[in-house]
């Protein structure tokens, strides 16, 4: 939530427009109904993502910094606040799917209204408001990914297996043999280094001491995961954390989410063949941890991962460029491939404050800090992460049972 | 589910068309999203009602009686079967709201397709199929009412209080003084008498012995219910059944559903003033029973109510004629007013078989009989019941806590 | 709750002593722990039954009718009130098992104290108090049965299958061929006739009209039920009420409660062989109803059963005489055997008020009336019913899924 | 679970006897019922603790290392295994309170039998078995504390506020002014150093890098917590983690567990006056974290705490010496007081493996590692921790909402 250097106005305007345009593009294939239904309390309707990201600009930029601005609709502050307690009462999260009205069209009109007002006001806004626009853009990038993953979850519950996007030609690749790359050890620095935008929880930069270890040079694949399934991995209590084993049994878990029989999988392009060489996706932390134990290795810690990623281009890899189907980019050209893109990588680290972290004052201070319990850190980026928004210091986090995001894993090992 | 006399073909066609047209009319003001969302497991999306009623004709008439008929969509048998175990696996009821696809437009096309096929086939169909069309029409009339009440429930959860229909001018009437009309006593006959259509559970006709009693000549009003509220009726355990008291406390019940502060109420025409003279609506059996106890009177039994209604025109009263807002008709011209229309009337009787009842063979035999536990009988008709579908012998039933239907009460008393 | 004629004092004292003594006898084999644990919210600890029945006398007789009576322990009114709202706040039912203190010995002392006080006061008490003592004795008889069934439920959860009572020699009888006895039809009278004690809900006596039917001359046996199991009765949705089918599936029901593999069963005498000729016990209403449908017959209504039982000795049959194992008496000497004893018989009737029923004023008025929703009537008596407390008009009631009581069924059929 | 050096036999025997004797002493004031009831799924009956600790020795020592040993009771392996998946099926945890049999007396006999067998075999056992006895003693010490806290929870649900122990004279002390002591910073070593017994999760010893900080020189007191309550701390969402705020609202949390009105508190000595100078106890992690935020400080990390505790005598402070009421010892004689004893101290650290940790093979390997998700680390010791079993490297852990243990907090602060 801290922007180290104020953005130049014209650059900010360009980024604002691009950000807002991408979100709308992502929603293009959606009907009013597609955009309205909430598939579970953890997910939000696409319409809600479109409106909430707009509410963010309307509230923290227009309302707070543009004298005389009139809200587009008096109801929307109540409907589209997500969780900011300081902003007052709000619509209960599990009820978001009840809002058949306003319609998707009206939410689009809301976006256009707020976009115009922000663009008109931007040149004369103070630096603090510029920073909030910058924050709003990064905030919206996060919701672009959530819009896609929430939509995928919804569509996956439809017995007709609808394809939101056209199917893309699939290459039948073969996964490279797994190699190991030495990680950095001893005293290393991690955390955001102060250049460019970062969310509050990415800092302060600080030193950690790492023991000697190596990281796998690529992600675990569907083919490798299939071996785990066939070896009875989901039925062997000894491989699982106690909470994980209870979760497996209570929910009858037998495979990653969206796996279907006969090497099929469900995605936003409908039912397709599952590629054995592609990174396994839609697994929980519990599954990642059990798989690692089965191999005799372990998950990397956040610090190990972040230290290793410091020299990798975070805009590389299979990330989101357009609303259409995801594409596979060449590997990122270092010993470590797939550090960004394809899937978020579960780490062995809980989402807790870096030493010296203090949440900002006011409503925006609720951004990350208050979620620092019960969640694990994921690093990298996924095929649904808008390219250009990733950083080595970025801290994604989800509860250990979550798997509706594009989540996978990379192995790590200690030196004996 | 039994039709005593086969319907004449041209008459059946006329009724089929009218029935199908009304359903579509009711859905006219709905967006794709309005028609898709499920507000609770007990309610279904409007789109589902539109499709399920169509599936009924497609399955039991076209599939079973029209050689070579091809289903409109192979998925629909799974998606739009409601609860017929004999028809095989089906989409789980609480998941009906996940179906953003097929769209409302496609469901309309499904209706048109099946309508055309039924109309084309009808002249040459055997009598058994004619009876099934007749049954399907009555089945659809039931779903027309559910479509409205389920929609009302959904809209009531929208903090913006949307009006689906235009507001109608409200008369500020005054409720008549409550009078009493002697009921029939001794040996009387109830149950369907075999003339015209009736559902299976309405028969056989049989004798019951009734003790001397009287029925109130009108329904309990909003104004009278307000007195109950103000007298602390919702806070006095002594008035309530044990289950009812637990329900009041667990759910924080303080007034009928859809009552709002300051004499407002929510309906399909949005927020309006609550009329003190209008019948109270949207109360549970528990509330009806507690109110009756508070007055020192009681609810009528099904037999008492049905015996008294034998001479009342079931097409009278405030019932549904058009998709628009409900209208108030003159009272039905007997000593007992409001026997049909306005609200369904809770009785003191559980929904159990009449003596000699046996469910029909096959899937249609699942129509009513399997719901004969845990439900109470309601008699009459409501403002959302399509006029022409009511009968004195009709047995509506809901669990004692249900109140999203238009449900109210009429008092009864014993002779000392 | 109405006693038609005041009991003679010396007779009342005799009955009071016998009642109180039997309860204590039943608890003889129990340890402090056995008497303390609550196995589910629907069941109560034995200690609680011992104390609650005592609280009834202490409150409604001693407190209300003996000037200067001091409560044995000031806490007990709070701890041992069951559900009388008029008597003020009370310990939450699901928490009854948390009361390791007072100990069983102290509860025994409580009983002795109250017994002495009642006996001392009895001669000089007014008739109203005598009636309350009479009521308290019948109340305690009901709790004697519950003490045994609740205890059985608790012990059944113990993997060591403890035997509370010594095993009794088992006769290997053979069930008689099922015969049918015509029931009474036309206008008949049921309900308590005013002679001797009855609970309030057993009246008023009133006329009902019955259609021609017959009743099975004996109960359904374990052997017959085994046929139902083997025929797939628990897996055929068509046999079940909708609520019953949901219950079967949610709970994985495959046989009566306490049935164990290999023709074993669990009881208060531990694991024993299941007798094919003995009446099936520990079934829910849902199971009884499904079984009847499977046979092509049905359950009797309460009225049918009661009319037929009018001439049967209610003290006959296999009922409870001593704290030890139940014994099998010769059949009751009419065409209908096993009308009383062995198991309570589920009827097809909901527990609703007889015509003209009004609950008594005050706390004792809460006795039965407030439970008149969601429950089905059972008639007769069981092997755990203290002999001498049964009546044809007695109305036992439980929710349709309950099966920890000794519950079974008798078939009925309509004349074609 | 690793013992660095084999214990001398005679010393081991002494410790075994003392350990086993203390457990029995703790149970002295308990009735059979007190020892049987389970107050919640997280807690276990006292009888279960007595038997489970015995099962540990019977299984891992006698069964595995004493040829020909016959189990005391064939049922007990099933009943008293806690969570060792490798040891096979076991009684479900939430059902532990259903075991009214075996009785407390029989469990005492079980203990005596196993004690005698262990003592007889001990001299001739191999070193591996000696290590298991050592482990079993430390395991039993943990259960001694749980026996007391589980018992306290049970008694706290009894409306009669029973006192298990005699009341002790209370000093009315005054809390010292809070001071700050610099913590160690830079590279420090933590984790067990290999001397003496430690559980597996306490190692390996490893280096961490700490930023400059200070620790409060004493625990937060009841008086200070009362200020937090009165300042509205429990009603200000801004102070709470998101999960914590949801927990506060769902459970109506307003004060520490066992606080009662008017400066009273409930404990094993019944209702007593709450001492404002005593450390606050029975708070959750959520509460500790919110309190720290309210003060502007924070919780210490595990590393900070452990580094500071390295020079403090872990046998100092208010820990458990006898079965009677806890006593207050003089402070531990360093700048930091109350590092051990009184209450476990919540840290800001999740319970995750130390770098290089690997669980042991076999059943005992399930000891700690499989609980490494969803829990926070607590350090120190409490008034219910048997003196002599504490270590700076000891890692206690509980979920963030747990508060039935003696849990409190010490503040920390960063240097600006």
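Protein chains in written order, with the working numbering: chain A, 313 to 728; chain B, 313 to 728; chain C, 313 to 728; chain D, 313 to 728. Think of the CB as a built atom: it goes at the ideal place given N, C-alpha and C, for glycine as much as any other residue.
**OP:** Determine the closest residue to residue 529 of chain B out of B:617, B:474 and B:422, with distance taken between C-alpha atoms.
**Re:** Minimum Cα distance to residue 529 of chain B is reached at B:617.
Subject >> Three-state secondary structure (DSSP) of residue 322 of chain A >> reply: Assignment of residue 322 of chain A by DSSP, reduced to helix, strand and coil, places it in the helix class.
**OP:** Look at the alpha carbon of residue 419 of chain C and the alpha carbon of residue 586 of chain C, and state the distance between them as a whole number of angstroms.
**Re:** One C-alpha to the other measures close to 36 Å.
Original post:
Cα separation between residue 471 of chain B and residue 392 of chain B?
Top reply: Spanning the alpha carbons of residue 471 of chain B and residue 392 of chain B requires a straight line of approximately 30 Å.
Subject >> Sub-8 Å separation of residue 527 of chain C and residue 498 of chain C beta-carbons >> reply: Judged by their CB atoms, residue 527 of chain C and residue 498 of chain C are not nearer to each other than the 8 Å cut-off.
Original post:
Quick one: what does DSSP say residue 455 of chain C is sitting in, helix, strand or coil?
Top reply: The three-state secondary structure of residue 455 of chain C, taken from DSSP, is helix.
Subject >> Reduced DSSP category for residue 661 of chain A - H, G, I as helix; E, B as strand; rest coil >> reply: It is a strand residue.
**OP:** Flag residue 356 of chain C as yes if its beta-carbon sits less than 8 Å from any beta-carbon of chain D, otherwise no.
**Re:** By the rule that beta-carbons nearer than 8 Å mark a contact, residue 356 of chain C does not touch chain D.
Original post:
When burial is assigned at 16 or more other CB atoms within 10 Å of the CB, is residue 515 of chain B buried or exposed?
Top reply: That one is buried.
**OP:** Please check if any C-beta of chain D sits within less than 8 Å of the C-beta of residue 544 of chain A.
**Re:** Between residue 544 of chain A and chain D, the shortest Cβ-Cβ separation is not below 8 Å.
**OP:** Identify whether residue 398 of chain B lies in helix, strand or coil by the three-state DSSP scheme.
**Re:** Collapsing the DSSP output to three states places residue 398 of chain B in a helix.
Subject >> Endpoints, the alpha helix (DSSP H) within which residue 361 of chain B is located >> reply: It spans 358 to 369 - the alpha helix (DSSP H) in which residue 361 of chain B sits, taken as one unbroken run.
Original post:
What span of residues does the alpha helix (DSSP H) with residue 618 of chain D cover, start to end?
Top reply: Element bounds for residue 618 of chain D: 614 to 621.
**OP:** Could you check if residue 599 of chain D is buried or exposed, using at least 16 other CB atoms within 10 Å of its CB as the buried criterion?
**Re:** Here residue 599 of chain D is buried, its C-beta having at least 16 other C-beta atoms within 10 Å.
Subject >> Own chain residues within Cβ distance below 7 Å of residue 468 of chain B, not counting five before or after >> reply: Excluding the 5 residues flanking it on each side, residue 468 of chain B has same chain C-beta neighbours closer than 7 Å at 570 and 578, in chain order.
**OP:** Could you list which residues in chain C have their beta carbon closer than 7 Å to that of residue 667 of chain B, in chain order?
**Re:** 523, listed in chain order.
Subject >> Euclidean distance between Cα positions of residue 355 of chain A and residue 695 of chain A >> reply: Put simply, the backbone Cα of residue 355 of chain A is about 18 Å away from that of residue 695 of chain A.
Subject >> Inter-residue Cα distance where the pair is residue 520 of chain A and residue 503 of chain A >> reply: Take the alpha-carbon of residue 520 of chain A and the one of residue 503 of chain A: they are about 10 Å apart.
Subject >> Proximity test, residue 379 of chain C beta-carbon vs the ligand NAP heavy atom, cut-off 7 Å >> reply: With respect to the ligand NAP, the structure offers nothing, as it holds no ligand at all.
Original post:
Got a sec? Which residues, its chain only, sit under 6 Å from residue 448 of chain D by beta carbon, not counting five neighbours each side?
Top reply: The beta carbon of residue 448 of chain D lies closer than 6 Å to those of 368 and 369 in the same chain, with the five residues before and after it left out.
Original post:
Distance, Cα to Cα, residue 389 of chain D vs residue 403 of chain D?
Top reply: Cα-Cα distance, rounded: 9 Å.
Original post:
Where does the unbroken beta strand (DSSP E) through residue 501 of chain D begin, and where does it stop?
Top reply: Per DSSP, the continuous beta strand (DSSP E) segment holding residue 501 of chain D begins and ends at 498 to 502.
**OP:** Would you mind stating whether residue 335 of chain B and residue 456 of chain B have Cβ atoms separated by less than 8 Å?
**Re:** When the beta-carbon positions are compared, residue 335 of chain B and residue 456 of chain B come within less than 8 Å of each other.
Original post:
Which chain C residues are close to residue 700 of chain D, counting only those with a beta carbon under 7 Å from its beta carbon?
Top reply: For residue 700 of chain D, no chain C residue has a Cβ inside 7 Å of its Cβ, as the nearest lies near 30 Å away.
Original post:
When DSSP builds the beta bridges, which residues end up paired with residue 668 of chain B?
Top reply: Residue pairing for residue 668 of chain B: DSSP places it in no beta bridge.
Original post:
If we cut at 8 Å on Cβ distances, does residue 345 of chain C have a partner in chain D?
Top reply: It does; some Cβ of chain D falls within 8 Å.
Original post:
Out of curiosity, what's the CA-to-CA distance linking residue 524 of chain D and residue 726 of chain D?
Top reply: Using only the alpha carbons, I get a separation of about 6 Å.
**OP:** With DSSP as the reference, label residue 688 of chain C as helix, strand or coil.
**Re:** The three-state secondary structure of residue 688 of chain C, taken from DSSP, is strand.
Original post:
What whole-angstrom Cβ distance do residue 631 of chain C and residue 531 of chain C have, given they're in contact under 8 Å?
Top reply: Not confirmed; about 14 Å, so no contact.
**OP:** Give the C-beta separation of residue 429 of chain C and residue 396 of chain C to the nearest angstrom, bearing in mind that I take them to be a contact with Cβ-Cβ under 8 Å.
**Re:** Rounded to whole angstroms, the Cβ separation of residue 429 of chain C and residue 396 of chain C is 21 Å, and the two are not in contact under 8 Å.
**OP:** Quick one: residues in its chain with C-beta nearer than 8 Å to the C-beta of residue 730 of chain B, no 5 flanking neighbours on either side, listed in chain order?
**Re:** Past the boundaries of the shown model lies residue 730 of chain B; chain B is included only from 313 to 728, so the question cannot be answered.
Original post:
How should residue 605 of chain B be labelled, buried or exposed, when 16 other C-beta atoms within 10 angstroms of its C-beta is the threshold for buried?
Top reply: Residue 605 of chain B should be labelled buried.
Subject >> residue 681 of chain D and residue 667 of chain D closer than 8 Å at C-beta >> reply: Taking the C-beta atoms as reference points, residue 667 of chain D is found no nearer than 8 Å to residue 681 of chain D.
Subject >> For residue 596 of chain D and residue 510 of chain D, believed in contact at Cβ under 8 Å, the rounded distance >> reply: Rounded, the Cβ-Cβ distance is 27 Å, inconsistent with contact.
**OP:** Would you be able to state if there are at least three C-beta pairs under 8 Å between the region 320 to 340 of chain B and the region 683 to 703 of chain A?
**Re:** No contact exists between the region 683 to 703 of chain A and the region 320 to 340 of chain B.
**OP:** Would you list, in chain order, the members of the region 377 to 397 of chain B that have their beta-carbon closer than 7 Å to a beta-carbon of chain A?
**Re:** Listed by position, the residues of the region 377 to 397 of chain B near chain A (Cβ gap below 7 Å) are 387, 390 and 391.
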